[in-house]
Amino acid sequence: MVTPNNSAKRTLLALALAMPMLATGPAFAKKMYRWVDDNGNVYFSDQVPPDQVQHKRETLNEKARVTDVVEKAKSAEQIAQQKRLDELRKEQEKIIAKQAANDKVLLSTFRNIEDLQKAIANKTAALDAARKVIEGNIELLESQLRQQQQQAANLERSGSKLPDKLLKDIAASKQQIEFAKQDLQRHQAERQNSEKEFKADIARFQFLTQTQRTGKTDKSSLAASNASNELGLFVCEDADQCEKAWKIAGGFVASNSTTGQDVESEKLIMRAAPQTDTDLSLSASLLENNNVRQIFLDIRCRQSSLGVELCASAKAQAIREAFAPYIQSQLAAQQ
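With the first letter of the sequence shown counted as 1, position 78 gets the number 81 in my numbering; the numbers rise by one all the way through.
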C-alpha cells in the first residue's frame, strides 16, 4: 500500500473538508476554486485572496469537476520572452506559408519535371536576351562617346574652343554608360539569383512529386531537397532523425551566431538579439507541416541600414545554404 506524502495528505484532507460544501446544492451558489501555493499546500475556497491570485487555479462545479483553469501568472520577463517568441513564430509562419504557396504553384503549373525544365529554359533565354540588349546599348553609347571625344580632340588640335554643347554631350554619354553598366550589374545579379531559384525549384518539385507518388518521404528526394535548400529548412525523414538533427541544429546556431544564448526549448533555439551592425543572431524552430517534420533556420540582424544589408548579404545567404547540408553531413558521420 502506498502511503501518501505530506502534500498528498494535505490534498486529501482539504478535499474531504471541502466535500460537504460541494455536496450541498444551494450552499454551493458561488464558484469553488482550488489552487496549490509555492509550498505545495492545496486550498479550496469560493474566493481567491489577493495574495494567492498568482497561482494556477481550477474552478470546480457542484460535482467537484474542473470547469475552468487559470494558468499561473507570468513574470514581466516571461511575458516579454513570450512576446519575442510569438513575433518570431509569426515571421516563421509567413515563410512557411510562402513555401506552401510556392509548392502549390509548382504542382498546379507543371505536369512533370520536363515541363518545369522547359519553362526554366525559356526564362533563361529571356534573361540572356535582355542582357544582350543592355550590352548592345553600352556598345552604342561607348561608340558615341568615342566620336564625341574625337571631335573634341580635333577641335583642340585646330586651336578652336570646345562648344559647351559638345562638353555637355560628352558628360551625358559618360553618365549614360555608367547607368547602363550599373543596369548590367543588376541584371547579372538577377541572373545568378534566378539560377539558384531554378535549381531550388527543380529539387523541390522532385521532392514533392516523389512524395505524392509513393505516399511517403523518399530518402533520396529528401537528400536532394536538403542539399539545395536555400530557405534554411531541413526536412526530417522521421522523428528519430529529427531528434538527432535538432541537437546538431543547436550547435550550428551557436557556432554561427555572434550573440549570446537567449532561448533553448524543445521547439525553439534562439540567440540573443543583435546589438551591433555586424551581429548575426540565429534561431532554429522545430516545425511540423502536413505531417512532415522540419527544422527552420532564421537569421536576425540589427534594425539599421547596415544590419539590413548584412542580412541580405552573401554571407548570411551562405549560412542559410550551409544549414541543411551541415545537418546532413553530421547525421551521416554519426552512422
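Beta carbons: idealized from backbone N, C-alpha and C, even for Gly.
* Proximity to Ser197 [Cα-Cα], best of Asp280, Ala67, Asn125, Ser268 -> Among Asp280, Ala67, Asn125, Ser268, the Cα nearest to that of Ser197 is on Asn125.
* Distance, Asp265 Cα to Glu324 Cα -> If you take the alpha carbons of Glu324 and Asp265, they lie about 24 Å apart.
* In the structure shown, what three-state DSSP assignment does Ser48 receive? -> Looking at Ser48 - three-state DSSP - the assignment turns out to be strand.
* Asked: What is the DSSP secondary structure of Ala17, reduced to helix, strand or coil?
  -> Residue placement at Ala17 is flagged as unreliable, the pLDDT there being 47, under the threshold of 50; the coordinate-derived value follows with that caveat. If DSSP states are grouped into helix, strand and coil, Ala17 belongs with the helices.
* Which stretch, first to last residue, makes up the beta strand (DSSP E) that contains Leu236? -> 236-238 is the span of the beta strand (DSSP E), which, as asked, contains Leu236.
* Which partner residues of Asp243 appear in the DSSP bridge assignment? -> Looking at the DSSP output, Asp243 sits in no beta bridge, so it has no partner there.
* Asked: Which stretch, first to last residue, makes up the alpha helix (DSSP H) that contains Thr127?
  -> Run containing Thr127: 116-160, per the alpha helix (DSSP H) assignment.
* Reduced DSSP category for Thr262 - H, G, I as helix; E, B as strand; rest coil -> DSSP places Thr262 in coil when its eight states are reduced to three.
* For Asp106, which three-state DSSP category applies? -> DSSP, reduced to helix, strand and coil, places Asp106 within a helical segment of the structure shown.
* Asked: When the distance is taken between beta carbons, is Phe326 closer than 8 Å to Leu290?
  -> Taking 8 Å as the Cβ cut-off, Leu290 and Phe326 do not qualify as a contacting pair.
* Asked: Apart from the five residues on each side of it in sequence, which residues of its chain come closer than 7 Å, Cβ to Cβ, to Trp3?
  -> Because residue 3 is not part of the residues shown, which for the chain are 4 to 338, the question remains open.
* To do: Would you kindly report the start and end of the unbroken beta strand (DSSP E) that includes Val73?
  => For Val73, the enclosing beta strand (DSSP E) starts and ends at 69-73.
* Asked: Touch check for the region 173-182 and the region 142-150: three-plus C-beta pairs under 8 Å?
  -> Taking 8 Å as the limit for Cβ pairs, the verdict is that the region 142-150 does touch the region 173-182.
* Asked: Secondary structure at Asp167, three-state DSSP: helix, strand or coil?
  -> DSSP places Asp167 in the helix class (H, G or I) of the three-state scheme.
* Continuous alpha helix (DSSP H) stretch holding Glu324: start and end -> Its alpha helix (DSSP H) spans residues 317-337.
* **Collapsed DSSP secondary structure at Asp172 in the structure displayed** => Per DSSP, reduced to three states, the secondary structure at Asp172 is helical.
* **Short Cβ contact (8 Å threshold) for Cys304 with Val311** => Against a cut-off of 8 Å, the Cβ pair of Val311 and Cys304 comes out as a contact.
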